[in-house]
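To start, the structure under review is shown below, and the notes come after it.
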Amino acid sequence: MMNFLDLLATDFKLTISVNGTVSEAGLLDPLVFRETDTVTVDGFEVLPRYQHLAQQGRLIIDESFYQWLHRVTNQGWLLKPQPQMYPLNRSV
Amino acid sequence: MRINNAGHYEYCRWADKSQRGAEPNIVDVAPLQYFKHHVSDIRQQLINGQRPSGCAECAVMEQHGKISGRQRQLLKIGVRLEHFDKSLASSPWVPIFTAEHCDQTPQDWQIDLGNYCNSACVFCSPHSSSRLAQEWQRIGIIDQLPKPSWADDPVMVDRLIAALTECKHIQYLHFIGGETVITPAFKVILQRLIDHKLNVNATIGFTTNLTVWDQTVVDLLTQFRGVNLGVSVESLDAVNDYVRWPSKIDQVQRTLDRWLDLAKQHNWLVQLRITPTIFTISKLLSVYDFAWQNQLAIESCNFLQEPAFMRPSVLPVQYRQPVINSMQRWIDQRGISAAPVVNTRDPTVAILHNVQDLQSYVTYLADMPDESFRMPELVQFIKRLEGSRGNCVLDYLPDYDELFRSAGY
Chain A
9 MMNFLDLLAT DFKLTISVNG TVSEAGLLDP LVFRETDTVT VDGFEVLPRY
59 QHLAQQGRLI IDESFYQWLH RVTNQGWLLK PQPQMYPLNR SV
Chain Y
18 MRINNAGHYE YCRWADKSQR GAEPNIVDVA PLQYFKHHVS DIRQQLINGQ
68 RPSGCAECAV MEQHGKISGR QRQLLKIGVR LEHFDKSLAS SPWVPIFTAE
118 HCDQTPQDWQ IDLGNYCNSA CVFCSPHSSS RLAQEWQRIG IIDQLPKPSW
168 ADDPVMVDRL IAALTECKHI QYLHFIGGET VITPAFKVIL QRLIDHKLNV
218 NATIGFTTNL TVWDQTVVDL LTQFRGVNLG VSVESLDAVN DYVRWPSKID
268 QVQRTLDRWL DLAKQHNWLV QLRITPTIFT ISKLLSVYDF AWQNQLAIES
318 CNFLQEPAFM RPSVLPVQYR QPVINSMQRW IDQRGISAAP VVNTRDPTVA
368 ILHNVQDLQS YVTYLADMPD ESFRMPELVQ FIKRLEGSRG NCVLDYLPDY
418 DELFRSAGY
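In the order they appear, the protein sequences are chains A and Y.
Letter by letter, the first sequence follows residues 9 to 100 in my numbering.
Letter by letter, the second sequence follows residues 18 to 426 in my numbering.
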């Protein structure tokens, strides 16, 4: 079984399906889709389900997909690290 | 983190009760010192993939499909069990967890203000109710009253306030007692938080027993960013009077309505807080009905562990089946499948959450081993209590006449 550090050393990818064409993206990569696309990310329906969040014809996910998913599915407040103490370093 | 009624810290508000008292006390160690230094061992255990023994109660909850404290706390950093790996690796907390030293400050605390309480619920303990403590001493269940609460000492309250004022990012403070509304320290701390302008960003959570009202406390609460109001009720049936002695259900209902009106006015989040026991498991649906009618969420922290002889699982299997059937019928009649709701504080999915929660009791009653061998101990205990209170369990639960009598009642 993986422990915490093993898990963080794993190079996770997002599996993205756009109109039936499957590709991969980095776990923390920003994502941009045309609002008319049919999109799933790791099996979660993104479009057309969240079409109402698109602006100017595009749905932009400019935070990590799973943080975005947390917000759009109303999972409650997210505690944030105190930024003046630790600049975010995602390389660990 | 948590400061419990005796002033001891706990690394998690959900941690195993048997370990309470093992951690340092606010009298000896300042809150932030505990958070930064003393919790590091636990953090390291988690990073190494170990399961601290204090996590056992959450494991039982998850086994029966009840949303555990672990799930609730993970959610606050964006981690979900159903996609644990990726949601964890996506969390902005990753570098904090792996840092050698913690120089964060707490953002989410539970603060227990002592046992100052006007109620003496049957499942409670002297550490959480001063009235029960006095009664237990009088009838010889305990020899000595618990030590005075840390929150009765103005120096300790100052110590807490000093720590809180260093926590500029404080998001949530949950207070419990005793009965918070009549606990002097509650009022003092709320006022001091406002004086330090921490009310601007902080949400206050607290639980009240629906027998008291203090307008000064209400006026203070309305100045905070938000309030999560927990209202304790076991049943809207008269059995609530027996369990939450000496409350009277008519007065409880009136006070409940008053809090609900206030909460609606200020857009507070309200949850009905239940502690199901062998006495109330068959009467729970009255609370679920009320929650359904008023679109409120129901929350119980865990499956009752102590006192062991009051666990719903002490109910013999043949008495459980009618309860299971009525609960399952309630769920089926609503036509809602139990969707997994982890965010139990999202009012828009309160009903879904309630169905899920009730389903966990169906599973619990169906799966938990029969603990009816504890019945004689239960009967012995309540006979002693009833001798002091002048009441009789069978007046409230006549269907259990044979059950209680066969155990020596």
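A virtual CB, placed ideally from N, CA and C, is assigned to each residue, including glycine.
A quick note: this is a predicted structure, and the numbers were derived from the prediction, not measured.
Discussion item. Contact defined as beta carbons within less than 8 Å: I believe D231 (chain Y) pairs with F20 (chain A). What is the distance between those atoms, to the nearest angstrom?
Written reply: Locating residue 231 (chain Y) in the second sequence gives position 214, where the first residue counts as 1. Locating residue 20 (chain A) in the first sequence gives position 12, where the first residue counts as 1. Not a contact, Cβ separation roughly 51 Å.
Worksheet item: Per DSSP, what kind of secondary structure is G243 (chain Y) in: helix, strand or coil?
Response: Counted from its first residue, the second sequence places residue 243 (chain Y) at position 226. G243 (chain Y) falls in the strand class under three-state DSSP.
Item to complete: Return no unless some Cβ of chain A is closer than 7 Å to the Cβ of P109 (chain Y).
Response: Stepping through the second sequence from its first residue, residue 109 (chain Y) is reached at position 92. Chain A, which has a Cβ nearer than 7 Å to the Cβ of P109 (chain Y), makes this yes.
Worksheet item: Taking Cβ to Cβ, would you say I368 (chain Y) is nearer than 7 Å to V340 (chain Y)?
Response: For the purposes of this step, residue 368 (chain Y) is taken as residue 351 along the second sequence, with counting starting at 1. For the purposes of this step, residue 340 (chain Y) is taken as residue 323 along the second sequence, with counting starting at 1. Not a contact, by the Cβ cut-off of 7 Å.
Worksheet entry | As assigned by DSSP and simplified to three states, the class of Q270 (chain Y) | In the second sequence, counting from the first residue as 1, residue 270 (chain Y) sits at position 253. Note: Q270 (chain Y) maps to helix in three-state DSSP.
Worksheet item: Comparing alpha-carbon positions, which option in Y:Q121, Y:A219, Y:V174, Y:I113 lies nearest L4 (chain Y)?
Response: Chain Y is shown only over 18 to 426; residue 4 (chain Y) falls outside these bounds and no answer can be derived.
Item to complete: Taking G84 (chain A) as the query, report the chain D residues whose CB atoms sit under 8 Å from its CB, ordered along the chain.
Response: Judged by its chain identifiers, the structure shown contains no chain D, and its protein chains are A and Y.
Worksheet item: Given N319 (chain Y), which residues of its chain have a CB within under 7 Å of its CB, disregarding the five upstream and five downstream residues?
Response: Against the second sequence, residue 319 (chain Y) aligns to sequence position 302. Hits under 7 Å: E74, M78.
Worksheet item: Can you list, in chain order, the residues of its chain whose CB lies under 6 Å from that of A33 (chain A), leaving out five sequence neighbours each side?
Response: Numbered from 1 along the first sequence, position 25 holds the residue referred to as residue 33 (chain A). Closer than 6 Å at Cβ, skipping near neighbours: L22, I24.
Fill in: Contact check, A202 (chain Y) vs A168 (chain Y), beta carbons under 7 Å
Position 185 of the second sequence holds residue 202 (chain Y). Position 151 of the second sequence holds residue 168 (chain Y). Cβ atoms of A202 (chain Y) and A168 (chain Y): closer than 7 Å.
Worksheet item: Under 7 Å between the Cβ atoms of Y413 (chain Y) and A255 (chain Y)?
Response: Taking the second sequence and counting its residues from 1, the one referred to as residue 413 (chain Y) is at position 396. Taking the second sequence and counting its residues from 1, the one referred to as residue 255 (chain Y) is at position 238. Taking 7 Å as the Cβ cut-off, Y413 (chain Y) and A255 (chain Y) qualify as a contacting pair.
Worksheet entry | F390 (chain Y) burial status per 10 Å Cβ neighbour count (16 or more: buried) | Sequence index remark: in the second sequence, residue 390 (chain Y) carries index 373 (1-based). Exposed.
Worksheet entry | Separation of I158 (chain Y) from V100 (chain A), as counted between CA atoms | For the purposes of this step, residue 100 (chain A) is identified with residue 92 of the first sequence, where counting begins at 1. For the purposes of this step, residue 158 (chain Y) is identified with residue 141 of the second sequence, where counting begins at 1. Note on V100 (chain A): pLDDT 31, under 50, position unreliable in the model; the coordinate value appears next. Computed Cα separation, rounded: 55 Å.
Discussion item. In whole angstroms, give me the CA-to-CA distance for H283 (chain Y) and W276 (chain Y).
Written reply: Position 266 of the second sequence, counted from the start, is the residue given in the question as residue 283 (chain Y). Position 259 of the second sequence, counted from the start, is the residue given in the question as residue 276 (chain Y). Spanning the two alpha carbons is a distance of roughly 11 Å.
Worksheet item: Out of curiosity, what's the CA-to-CA distance linking P263 (chain Y) and L35 (chain A)?
Response: What you label residue 263 (chain Y) is simply residue 246 of the second sequence in a count that begins at 1. What you label residue 35 (chain A) is simply residue 27 of the first sequence in a count that begins at 1. Their backbone Cα atoms lie some 56 Å apart in a straight line.
Fill in: Cα-Cα separation between V372 (chain Y) and N342 (chain Y), rounded to whole angstroms
For the purposes of this step, residue 372 (chain Y) is taken as residue 355 along the second sequence, with counting starting at 1. For the purposes of this step, residue 342 (chain Y) is taken as residue 325 along the second sequence, with counting starting at 1. Using only the alpha carbons, I get a separation of about 14 Å.
Fill in: H60 (chain A): contacting residues in chain Y (beta-carbon distance under 8 Å)
Here the question's residue 60 (chain A) lines up with position 52 in the first sequence. Within chain Y, no residue comes near H60 (chain A); the closest Cβ sits about 16 Å away, beyond 8 Å.
Worksheet item: If you draw a straight line from the C-alpha of Q121 (chain Y) to the C-alpha of P112 (chain Y), how long is it?
Response: Here residue 121 (chain Y) refers to the residue found at position 104 when the second sequence is read from its first residue. Here residue 112 (chain Y) refers to the residue found at position 95 when the second sequence is read from its first residue. Taking the straight line from one Cα to the other gives about 12 Å.
Practice prompt. Examine chain A for any beta-carbon lying closer than 7 Å to the beta-carbon of D374 (chain Y), and answer yes or no.
Written response: The sequence position of residue 374 (chain Y) within the second sequence is 357, counting from 1. Closer than 7 Å: no.
Worksheet entry | Buried or exposed (CB count within 10 angstroms, at least 16 for buried), T233 (chain Y) | Reading the second sequence from its first residue, position 216 is the one you call residue 233 (chain Y). Exposed, because fewer than 16 other Cβ atoms sit within 10 Å of the Cβ of T233 (chain Y).
Worksheet item: Closest by CA to R337 (chain Y), which one among Y:F307, Y:L177, Y:D384?
Response: Translated into positions along the second sequence, residue 337 (chain Y) becomes position 320. Taking R337 (chain Y) as reference, the option from Y:F307, Y:L177, Y:D384 with the minimal CA-CA separation is Y:D384.
Worksheet item: Are the Cβ atoms of E251 (chain Y) and N257 (chain Y) separated by less than 7 Å?
Response: Numbered from its first residue, the second sequence carries residue 251 (chain Y) at position 234. Numbered from its first residue, the second sequence carries residue 257 (chain Y) at position 240. Yes, they are a contact pair.
Fill in: F11 (chain Y) (DSSP reduced to helix, strand or coil)
This structure cannot settle anything about residue 11 (chain Y), because the visible part of chain Y is limited to 18 through 426.
Worksheet item: For L15 (chain A), which residues in chain Y fall below 8 Å Cβ to Cβ?
Response: If you number the first sequence from 1, residue 15 (chain A) lands on position 7. Those within 8 Å of L15 (chain A) in chain Y are D102, L105, A106.
Item to complete: Consider the Cβ of L39 (chain A): report whether some Cβ of chain Y lies at a distance smaller than 7 Å.
Response: Position 31 of the first sequence, counted from the start, is the residue given in the question as residue 39 (chain A). Output row for L39 (chain A): interface = no.
Worksheet item: Can the beta-carbon of I291 (chain Y) be found closer than 7 Å to that of S330 (chain Y)?
Response: On the second sequence, position 274 is the one that residue 291 (chain Y) refers to. On the second sequence, position 313 is the one that residue 330 (chain Y) refers to. It is not a contact, given that the beta carbons lie outside the stated cut-off.
Worksheet item: Just by C-beta distance, which residues in the region 41-67 of chain Y are closer than 8 Å to chain A?
Response: L63, I64, N65, G66
Discussion item. Which residue wins for smallest C-alpha separation from E40 (chain Y), given the options Y:F241, Y:R406, Y:E27?
Written reply: Position 23 of the second sequence holds residue 40 (chain Y). For the residues Y:F241, Y:R406, Y:E27, the minimum Cα distance to E40 (chain Y) belongs to Y:E27.
Worksheet item: Applying a beta-carbon distance threshold of less than 8 Å, which residues of chain Y neighbour S31 (chain A)?
Response: By one-based count along the first sequence, residue 31 (chain A) stands at place 23. None at all; the shortest Cβ gap to chain Y is about 17 Å.
Discussion item. When you compare the CB of K35 (chain A) with every CB in chain Y, is at least one pair closer than 7 Å?
Written reply: Locating residue 35 (chain A) in the first sequence gives position 27, where the first residue counts as 1. Note on residue identity: the sequence assigns Leu, not Lys, to residue 35 (chain A). Chain Y contact via Cβ: present.
Fill in: From Y:L238, Y:C184, Y:V248, Y:Q90, residue whose alpha carbon lies closest to that of V205 (chain Y)
The sequence position of residue 205 (chain Y) within the second sequence is 188, counting from 1. That would be Y:L238, whose Cα lies nearest to the Cα of V205 (chain Y).
Worksheet entry | Where the beta strand (DSSP E) containing K21 (chain A) begins and where it ends | Translated into positions along the first sequence, residue 21 (chain A) becomes position 13. Residues 21-26.
Worksheet item: Relative to the alpha-carbon of I187 (chain Y), which residue among Y:Q161, Y:A219, Y:H118 has its alpha-carbon at the smallest distance?
Response: What you label residue 187 (chain Y) is simply residue 170 of the second sequence in a count that begins at 1. Nearest option by C-alpha distance: Y:A219.
Worksheet entry | Cβ shell of C141 (chain Y) (< 7 Å), same chain only, five flanking positions each side left out | In the second sequence, residue 141 (chain Y) corresponds to position 124, counting from 1. Excluding five sequence positions before and after C141 (chain Y), the CB atoms of its chain that fall closer than 7 Å to its own CB belong to L149, given in chain order.
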